[in-house]
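With my numbering applied, the sequence shown covers 1156 to 1707. Have a look at the structure below, then the notes.
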Amino acid sequence: MNRLFFALFFILSGFGISDVHALLFAQVPAFPDAKGHGTAARGGRGGRVLYVNTLADSVPGAESCTATRCTLRAAVETPGPRIILFKVAGVIDVTSRLDVSQPYMTIAGQSAPGSGITVRAKSGMAFFFKGDVHDVVIRFLRIRGNGGQNSGGNLAVTVGSGYNIVFDHCSFSWKNDTITSIYRYPDSYSWARDIRDITFQRCMIYEGETGSGVKGETGLSFNGIVDKNGIPQWYEVERISLHHNLWANMSHRLPMVHAKNAEIINNVMYNFNQDVVSNKTKTALDVIGNFFKTGPLASDSVILGRKWGREISHEFRTNISQAGLPDAYQVIGLSTVDGTRGPSLYVAGNIGPSNPDGRLDNWVMTSPYKHDDTSVFGAGLLQSVEYDSVGGMPRRVNGVDLRRFTRLPQGPFPVAPESASAAYNSIVVSGDVGASARIDEAGRWVNARDEHDQRVLSDTVNRTGPGSIEGIHSRQTATITVVAGTPWVDADSDGMADIWEVANGLSPGNPSDGNIDSDGDGYTNVEEFLNGSQPTGLSAPTAPQGLRVVIP
Ligand SMILES: [Ca+2]
Ligand SMILES: [Ca+2]
Ligand SMILES: [Ca+2]
1156 MNRLFFALFF ILSGFGISDV HALLFAQVPA FPDAKGHGTA ARGGRGGRVL
1206 YVNTLADSVP GAESCTATRC TLRAAVETPG PRIILFKVAG VIDVTSRLDV
1256 SQPYMTIAGQ SAPGSGITVR AKSGMAFFFK GDVHDVVIRF LRIRGNGGQN
1306 SGGNLAVTVG SGYNIVFDHC SFSWKNDTIT SIYRYPDSYS WARDIRDITF
1356 QRCMIYEGET GSGVKGETGL SFNGIVDKNG IPQWYEVERI SLHHNLWANM
1406 SHRLPMVHAK NAEIINNVMY NFNQDVVSNK TKTALDVIGN FFKTGPLASD
1456 SVILGRKWGR EISHEFRTNI SQAGLPDAYQ VIGLSTVDGT RGPSLYVAGN
1506 IGPSNPDGRL DNWVMTSPYK HDDTSVFGAG LLQSVEYDSV GGMPRRVNGV
1556 DLRRFTRLPQ GPFPVAPESA SAAYNSIVVS GDVGASARID EAGRWVNARD
1606 EHDQRVLSDT VNRTGPGSIE GIHSRQTATI TVVAGTPWVD ADSDGMADIW
1656 EVANGLSPGN PSDGNIDSDG DGYTNVEEFL NGSQPTGLSA PTAPQGLRVV
1706 IP
C-alpha cells in the first residue's frame, strides 16, 4: 500500500510537496511521546536525510549540503522536508545566529555519536525562527552560551514566528536575561508572523542571568512578550505547552508567560528566589501538577515573605497589569483590546513552599502583581477589583473572574497531567529530561548526558547549586567535555544504520526504504529508527525513560 502511495507521489507531479506530504501520512504526533500543542508537527517526515559531518559553523564552498560535506547551518537552511542527523559529536560554535525559516525540519540530535551535539553561541542568539516556518522538531540537542557576566549573549532560542514546533529533550543554558523566548515581533518586520502551537517538553533550562550583575535579576523565561507599539501583539501568541521540563538555578521567571494562552504542566522548578511562574496582562494560563523546590538562592520563608510594595511573591505571580506599558495592555476585563475576557488562571495539583504536601487549594500559591493607580491604568479603565478576604488576591477584576476552574481547550495530542510527585520522579529521579540519550546502531537508547546536565540534576536532588549571581557566572564559563564516539555505518545514507536495517529486514544497500512506512503507523522507517521503535509490527517505542547520568 505504501509503495502505491509513493508511486502516486511521482505521478501527482502537479502537487506541491507539502500536499503530497499531507496525503501520504496520517496525523500522528511528531514522535510517540510528543504531547501538547505543537506536536502535530510533521518535521522532516518523508524528506531528505542530511548528515552533518563537521563541527565547523561554515565551510567555504559548502553553503549547500552535499553527501560528503554538510554543516548544521547549511542543513538548517536547506529548503524542503529534511531530517538532519549527525556523524560527529562535540561543540558547534556558531558565530552568527542560525535562522530557521524553512518548514518541515527535524533535527535528530539523538543520531550523534558519543556525548552528542552542543550548539554554542558565545554571543548573540543560537536559533531564530522567523518567516513562514512550521513543522519543526528538534530533539536531544544542547544549546548554550558561554562567557559569564555581560558576555554570554541573549537567547539560546527565539521563536519569532511559526507554528507546529516541538523541542524535546533539549538542554538550554548559560545565556543572559532570557534563555528561550517565544516572541511575537511587530508587523514592521517583514518576517513577523503570529505564533501558535508550540511545545517544549522534557527540556532543561538553567543558569541564566541578566548580565546586569544585580542579584535577584537572574531571570529567565519563555516570553510571549509585548511589543510596545500600541498593538497587543503578545495576544498573537497562543497554544503554548510547556511540560515535563526542568528549570533550575535562576532567580525568577521559570517561566514568565506573556501570551494569549499557555499551559505549564508537570514541570520541576528548582532554586529560584522570587516569583517563579508569572503571567501577564490577559494571559489565560493553566498551571497544573508542577513541583516547586527551593535551593540556595532562597529559602521557603524568603519565597513566601518577599514584598515589593503590595506585591507578594509565591509560586505563581499573576499580573493584572504591567507598569510602564501603553494603556491597551493594562486593561483587564475590558473590551478595548478585542472584546474577549481578561486574564484567567487555572491552578491544580501543584506542590511548593506554600503548599508542601499538595493538599491545599492551589489558589493559596498565587500572589497578585497589581497597579490600582489610575496613572498606570489610565483614567477610568480600572473600574473595580474585588479581593479575596484572605491573602489579598484579586478574584474579580472589572467584574470578570480571574480564577478559572476548567482547563483551556486542547489540541489533538493533549498532555494528560500526572501528579507533581510523579512528574518530579520522572524528571529528576529517573532523569528523563534534557539531551540525555542517543540511539545506537542497533536502535537502542543509550546514555549520552553530559556533565553539566548531570550536575544540575544532582543539584536538584541534593538542594545544591549556586546561591548567588557569581555562582551562576562561574558555571557559565565551564568547559564542555566531549566524548567523540563512533558514528554508525549507514552505507546507503538513508539515515538508518546498516545493523538495524539488516535486523529489521530492510536493505542497507537501498536508500529508498527509509521513507516508507512499512507498518502503516504513520512513522516512516527512518523515524522508527530514530524513535527507538521497530519498523514493523506496530511495536511500542523504547522510550529513554529511566536512563541515568552516565557519560559514555
Ligand atoms: Ca542505511
Ligand atoms: Ca536502506
Ligand atoms: Ca511505521
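Built from N, CA and C at the ideal position, the CB exists for glycine as well.
Alpha carbon of MET1411 to alpha carbon of ILE1360, nearest angstrom:
13 Å
Going by beta-carbon coordinates alone, are ARG1558 and LEU1612 separated by less than 8 Å?
no
What residues in its chain sit with their C-beta under 8 Å from that of ALA1575, if we drop five residues either side in the sequence?
ASN1421, GLY1444, ASN1445, PHE1446, GLY1504, ASN1505, ILE1506, GLY1513
If you reduce the DSSP assignment to three classes, tell me which class SER1396 lands in.
strand
I'd like to know whether the C-beta of ARG1357 is nearer than 8 Å to at least one C-beta of chain C.
This model lacks chain C altogether, as it is built from one protein chain only.
Under 8 Å between the Cβ atoms of ALA1267 and ALA1244?
yes
Check the DSSP bridge columns for TRP1402 and list the partner residues they point to.
ILE1360, MET1424
Unbroken beta strand (DSSP E) runs of length 3 or more, entirely within the stretch 1204-1276: which are they?
1237-1241, 1245-1248, 1253-1255, 1260-1263, 1272-1275
Report the rounded CA-to-CA distance for GLY1692 versus TRP1643, giving the unit in angstroms.
24 Å
To the nearest angstrom, how far is the alpha carbon of SER1270 from that of PRO1184?
27 Å
Quick check on the DSSP output: the beta strand (DSSP E) that includes GLY1317 runs from which residue to which?
1317-1323
Helix or strand or just coil, what does DSSP make of TYR1579?
helix
Are THR1226 and SER1213 close, meaning C-beta to C-beta below 8 Å?
yes
Assigned secondary structure, SER1328 (DSSP; H/G/I helix, E/B strand, else coil):
strand
Mind reading off the beta-carbon distance from LEU1589 to ASP1608? Whole number of angstroms is fine, and I expect it under 8 Å.
The question names Leu, but residue 1589 in the sequence shown is Gly. Right, their Cβ atoms sit about 4 Å apart.
My understanding is that GLN1265 touches LEU1661, with C-beta atoms under 8 Å, so please give their C-beta distance in whole angstroms.
Between LEU1661 and GLN1265 the Cβ distance is about 19 Å, and since that is not below 8 Å, they are no contact.
Provide the residue(s) that pair with VAL1638 in DSSP beta bridges, ordered along the chain.
DSSP, once it has assigned bridges, lists no residue as partnering VAL1638.
Proximity winner among GLY1201, HIS1192, ASP1674, ARG1610, relative to SER1396 (alpha-carbon distances):
HIS1192
What is the rounded straight-line gap between the Cα of ARG1604 and the Cα of THR1521?
35 Å
What does DSSP give as the partner residues of ASP1353 in its beta bridges?
Note on identity: in this sequence residue 1353 is Ile, with Asp being the wrong assignment. ILE1353 pairs with ILE1320, ILE1395.
Under a three-way DSSP split, which group does SER1613 fall into?
helix
Quick one: any contact between the stretch 1576-1585 and the stretch 1251-1260, if contact means 3 or more CB pairs under 8 Å?
no
By a C-beta neighbour count over all protein chains shown, 10 Å radius and 16 as the cutoff for buried, is ALA1439 buried or exposed?
buried
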